[in-house]
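Engineer: One structure, pasted below without further comment.
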Amino acid sequence: MLAARAAILAVTLVAWEVAARPTGGADLIAPPSAIAQALFATVLRDGAIRSAILFTLFEVLCAYALAVAGGLVLGLAIGSTEMARRSFYPVVLLLYAIPQVVMLPLVTLVFGIGPAAKIAFGFSHGVFPVLVNVIAGMRNVNPLYVRAATAMGAQRADIIRHVMFPHMATSFFTGLRLAMTTTLLGVILAELYVSTAGVGYFTKLFAENFDPAPLFALIGILAVMAIALNELARSVERRFTHWRTASTS
Amino acid sequence: MKDSPAASRLVQLGFLTAAVTAWYVAGRFSVVPPLFLPPIDAVWSSLNGLIRTEEFWSAIGVTLSTIAKAYGIAVVLGVLAGYLVTRSRFLTAVLEPVISALFSIPITLFLPLFILVFGIGTASKVAYGAAYGFFPIALNTIAGLSRVDRRYLAAARALGISAFGTVRHVMWPAAFPVILTGLRIGFFIAFASVLGGETISSVEGVGRNIALSAELLEPARMYAWIVVVVAAALVLNGAVSAIENRMRGQ
């Protein structure tokens, strides 16, 4: 299986190289060899590009932390009573369905072209999956357990900590994983929109100079970063949710 | 009982009223700079003027036809790819994780490449929307088709049904609910991607008009466009759910 996947990757790379090399990137698809060369000769060597990439990582992590905290607090508030859930969950789902990308010009108008706009946009993309999954997870809690805990004198905080949280963990960690994907999306969208600073500036620079090799290299680095963050979120999800399937099966 | 649906409707109505009132008050007394939040009546009159212009309808037309093309390509290629991959179990086992790993990379990263290769016009948005919409459709087609009970296929073969007949009468009905989910997700992803591509770099369409209004510092006009998109998204959401429920009901 792994060998077959490696073979597909190798064949794709070779075909790409063979197809792109004769034109020398004239049709704007740089061959892999030129991309690798550009990666080490241009992109990684340029301090400004390096710091732009690291700054994007910083923005993603800030936005993600805010999204998780905000989604958890709001989700607990909305999910804790039947009335609040029934009133506000549909509102949350409606807001979630709006393509937020059309607010991007507004976000940069309000927050400027600095990191604040990117963090805000990443946050607004990341908060919804957490919120929706926290509310959905709290719904999974058997009401009998809550009633039993109340009968035994548990306070609201105790119920959330000891009854609700263990039961919503599966759903919550799914939300954390989805939020990582959407936060990344939000930050990258904002980075690309603001083309006077950060990663967006360099992608625009390379694209306008018809210089595809460093553009591919830069995109490649960001893609690797995205995959690594996704895998991190996925492994956290696996680590914290396996007990559930293990204990019930 | 206090938790009745009517009570939640009342809370929702109260929430909406509070939001609109807050917006009105903020505009009236300039609590928020009008550049960030123009008065609600200014947005309303801007919207009224906007829908009477020729450019408004031509921008809507451009965006709708871009979405239709992107989604059409995504559906055809996604379902076809899903069908071809699930023809063999080995291919499914090898390729399914590759496709889902590719989907975890934000395709937005490649937007500058789409612009570079397909130009700044609508072609790059079609390609970008199609690329984004392709993955959920292909993955759900794979999931749907690979879970069709092998015994049904064996029975169909034993009964002498042609390859096309097997797809039409056995595989399609069995896989349809899962594929339908993919088609819905793919539609909204293609919808949002086309608007996003237009907002970030384009020369026409709804997204471009929103970005342009912001660049020209005309917040009322920008909000009017955003209101149009939000309304369109909510209407489409309702319409797609209705279509989906109807098709599932069959």
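Chains as they are written, first to last, in the numbering used here: chain A, 182 to 430; chain V, 107 to 356. Backbone N, C-alpha and C define an ideal beta-carbon position, used for all residues, glycine too. What you are looking at is a predicted structure, and each value in this text was computed from that prediction instead of being measured.
For Lys175 (chain V) versus Val232 (chain V), is the C-beta distance shorter than 8 Å?
Structural biologist: Mapped onto the second sequence, residue 175 (chain V) falls at position 69. Mapped onto the second sequence, residue 232 (chain V) falls at position 126. Their beta carbons are under 8 Å apart, which means Lys175 (chain V) touches Val232 (chain V) by this criterion.
Engineer: To which residues of the same chain is Tyr382 (chain A) closer than 7 Å at the C-beta, ignoring the five residues directly before and after it?
Structural biologist: Position 201 of the first sequence, counted from the start, is the residue given in the question as residue 382 (chain A). Only Ser376 meet the Cβ criterion.
Engineer: So with CB distances below 7 Å, who are the chain C contacts of Ser268 (chain A)?
Structural biologist: No chain C is present in this structure, whose protein chains are A and V.
Engineer: Buried or exposed for Tyr130 (chain V), please, with buried defined as at least 16 other CB atoms from any protein chain shown within 10 angstroms of its CB.
Structural biologist: In the second sequence, residue 130 (chain V) corresponds to position 24, counting from 1. When all chains shown are included, Tyr130 (chain V) counts as exposed.
Engineer: Comparing the C-beta of Thr351 (chain A) with each C-beta of chain V, is any distance below 8 Å?
Structural biologist: Taking the first sequence and counting its residues from 1, the one referred to as residue 351 (chain A) is at position 170. No - not a single Cβ of chain V is within 8 Å of the one on Thr351 (chain A).
Engineer: Could you check the C-alpha separation between Met319 (chain A) and Met345 (chain A) for me, to the nearest Å?
Structural biologist: Working through the first sequence from its first residue, we reach residue 319 (chain A) at position 138. Working through the first sequence from its first residue, we reach residue 345 (chain A) at position 164. Roughly 6 Å between the two C-alpha positions.
Engineer: Could you give the uninterrupted runs of the alpha helix (DSSP H) lying entirely in the segment 238-289 of chain A, keeping only those of 4 residues or more?
Structural biologist: 263-277
Engineer: By Cβ distance below 8 Å, which residues in the same chain neighbour Val282 (chain A) in space, the five residues on each side in sequence not counted?
Structural biologist: As a working note, residue 282 (chain A) is residue 101 in the first sequence. For Val282 (chain A), where only same-chain residues beyond five positions count, the Cβ hits under 8 Å are Leu370.
Engineer: Just the chain A side, please: which residues come within less than 7 Å of Asn343 (chain V) by C-beta, in chain order?
Structural biologist: Translated into positions along the second sequence, residue 343 (chain V) becomes position 237. Under the 7 Å cutoff, chain A gives Ala278.
Engineer: Run through DSSP, which three-state label would Asp392 (chain A) get?
Structural biologist: Numbered from its first residue, the first sequence carries residue 392 (chain A) at position 211. Asp392 (chain A) falls in the coil class under three-state DSSP.
Engineer: Report the option in V:Tyr329, V:Val223, V:Phe220 and V:Glu350 whose CA atom is closest to the CA atom of Pro283 (chain V).
Structural biologist: Against the second sequence, residue 283 (chain V) aligns to sequence position 177. Nearest of V:Tyr329, V:Val223, V:Phe220 and V:Glu350 to Pro283 (chain V), Cα basis: V:Glu350.
Engineer: Looking at C-alpha atoms only, which residue of V:Phe162, V:Gly133, V:Leu122 and V:Gln118 is the closest neighbour of Ile332 (chain V)?
Structural biologist: Locating residue 332 (chain V) in the second sequence gives position 226, where the first residue counts as 1. Ranking the options by Cα distance to Ile332 (chain V), first place goes to V:Phe162.
Engineer: Considering only the beta carbon of each residue, do Gly311 (chain V) and Thr169 (chain V) sit closer than 8 Å?
Structural biologist: In the second sequence, the residue the question calls residue 311 (chain V) occupies position 205. In the second sequence, the residue the question calls residue 169 (chain V) occupies position 63. It is a contact, given that the beta carbons lie within the stated cut-off.
Engineer: Please list the residues of the segment 361-375 of chain A that have a C-beta atom closer than 8 Å to any C-beta atom in chain V, keeping them in chain order.
Structural biologist: Thr362, Leu365, Leu366, Ile369, Leu370, Leu373 and Tyr374
Engineer: How about Leu286 (chain V) and Met328 (chain V): do their beta carbons lie closer than 8 Å?
Structural biologist: Translated into the one-based positions of the second sequence, residue 286 (chain V) becomes position 180. Translated into the one-based positions of the second sequence, residue 328 (chain V) becomes position 222. Going by C-beta atoms, Leu286 (chain V) is not nearer than 8 Å to Met328 (chain V).
Engineer: Span of the alpha helix (DSSP H) holding Ser136 (chain V)?
Structural biologist: For the purposes of this step, residue 136 (chain V) is taken as residue 30 along the second sequence, with counting starting at 1. Per DSSP, Ser136 (chain V) belongs to no alpha helix (DSSP H) and is neither H nor E.
Engineer: For Val200 (chain V), which of helix, strand or coil comes out of DSSP?
Structural biologist: Stepping through the second sequence from its first residue, residue 200 (chain V) is reached at position 94. DSSP places Val200 (chain V) in helix when its eight states are reduced to three.
Engineer: Find the nearest neighbour of Arg158 (chain V) within the set V:Ala330, V:Leu342, V:Val336 and V:Val346, judged by alpha-carbon distance.
Structural biologist: Working through the second sequence from its first residue, we reach residue 158 (chain V) at position 52. Arg158 (chain V) has its Cα closest to that of V:Ala330, out of V:Ala330, V:Leu342, V:Val336 and V:Val346.
Engineer: Roughly how many angstroms separate the alpha carbons of Met107 (chain V) and Val336 (chain V), rounded to a whole number?
Structural biologist: Counting from 1 along the second sequence, the entry for residue 107 (chain V) is found at position 1. Counting from 1 along the second sequence, the entry for residue 336 (chain V) is found at position 230. Bear in mind that a pLDDT of 42 at Met107 (chain V), under 50, signals an unreliable position, so the model cannot answer this.
Engineer: Considering Cα atoms alone, identify which of A:Arg226, A:Leu242, A:Phe269 and A:Leu255 is closest to Gly367 (chain A).
Structural biologist: Translated into positions along the first sequence, residue 367 (chain A) becomes position 186. The shortest Cα separation from Gly367 (chain A) among A:Arg226, A:Leu242, A:Phe269 and A:Leu255 belongs to A:Leu242.
Engineer: Under the three-state reduction of DSSP, which class applies to Val117 (chain V): helix, strand or coil?
Structural biologist: Along the second sequence, one-based indexing puts residue 117 (chain V) at 11. Val117 (chain V) falls in the helix class under three-state DSSP.
Engineer: Against chain V, does Asn411 (chain A) count as a neighbour if the rule is that its beta carbon must be under 8 Å from one of theirs?
Structural biologist: Within the first sequence, numbered from 1, the residue matching residue 411 (chain A) stands at position 230. Cβ-Cβ to chain V under 8 Å: yes for Asn411 (chain A).
Engineer: Skipping 5 residues on each side, what residues in its chain have a beta carbon closer than 8 Å to that of Asp339 (chain A)?
Structural biologist: Position 158 of the first sequence, counted from the start, is the residue given in the question as residue 339 (chain A). Answer for Asp339 (chain A): Ala330, listed in chain order.
Engineer: Does any residue of chain A have a CB that is nearer than 8 Å to the CB of Met328 (chain V)?
Structural biologist: The sequence position of residue 328 (chain V) within the second sequence is 222, counting from 1. So yes, Met328 (chain V) belongs to the interface.
Engineer: Kindly say whether Val291 (chain A), judged by its beta-carbon, lies nearer than 8 Å to any beta-carbon of chain V.
Structural biologist: Sequence index remark: in the first sequence, residue 291 (chain A) carries index 110 (1-based). Using a Cβ-Cβ cut-off of 8 Å, Val291 (chain A) counts as an interface residue toward chain V, since at least one Cβ of chain V sits closer than that to its own.
Engineer: At the level of alpha carbons, what is the spacing between Tyr238 (chain V) and Ile211 (chain V)?
Structural biologist: Taking the second sequence and counting its residues from 1, one reaches residue 238 (chain V) at position 132. Taking the second sequence and counting its residues from 1, one reaches residue 211 (chain V) at position 105. Distance from the CA of Tyr238 (chain V) to the CA of Ile211 (chain V), rounded to the nearest whole angstrom, comes to 10 Å.
Engineer: Which runs of the alpha helix (DSSP H) at least 4 residues long sit entirely within the segment 181-252 of chain V? Give them in chain order.
Structural biologist: 195-209, 217-224 and 228-252
Engineer: Using a Cβ-Cβ distance under 8 Å, would Leu170 (chain V) count as near chain A?
Structural biologist: If you number the second sequence from 1, residue 170 (chain V) lands on position 64. For Leu170 (chain V), the answer is no, since every Cβ of chain A falls outside 8 Å of its Cβ.
Engineer: In the structure shown, what three-state DSSP assignment does Asn323 (chain A) receive?
Structural biologist: Residue 323 (chain A) sits at position 142 when you count from the first residue of the first sequence. Looking at Asn323 (chain A) - three-state DSSP - the assignment turns out to be coil, as it is neither helix nor strand.
Engineer: Does the beta-carbon of Ala348 (chain V) have 16 or more other beta-carbons within 10 angstroms, so that it is buried, or is it exposed?
Structural biologist: Numbered from 1 along the second sequence, position 242 holds the residue referred to as residue 348 (chain V). Label assigned to Ala348 (chain V): exposed.
Engineer: Beta-carbon within less than 8 Å of Leu276 (chain A)'s beta-carbon, same chain only, minus the 5 sequence neighbours each way: which residues are those?
Structural biologist: By one-based count along the first sequence, residue 276 (chain A) stands at place 95. Hits under 8 Å: Phe309.
Engineer: Along the chain, where does the alpha helix (DSSP H) that runs through Arg314 (chain V) open and close?
Structural biologist: If you number the second sequence from 1, residue 314 (chain V) lands on position 208. Residues Val312 to Glu321.
Engineer: Does the beta carbon of Pro212 (chain A) sit closer than 8 Å to a beta carbon anywhere in chain V?
Structural biologist: For this step, residue 212 (chain A) is matched to residue 31 along the first sequence. No - not a single Cβ of chain V is within 8 Å of the one on Pro212 (chain A).
Engineer: What residues in its chain sit with their C-beta under 6 Å from that of Ile189 (chain A), if we drop five residues either side in the sequence?
Structural biologist: Here the question's residue 189 (chain A) lines up with position 8 in the first sequence. Cβ neighbours of Ile189 (chain A) beyond the five flanking positions: none.
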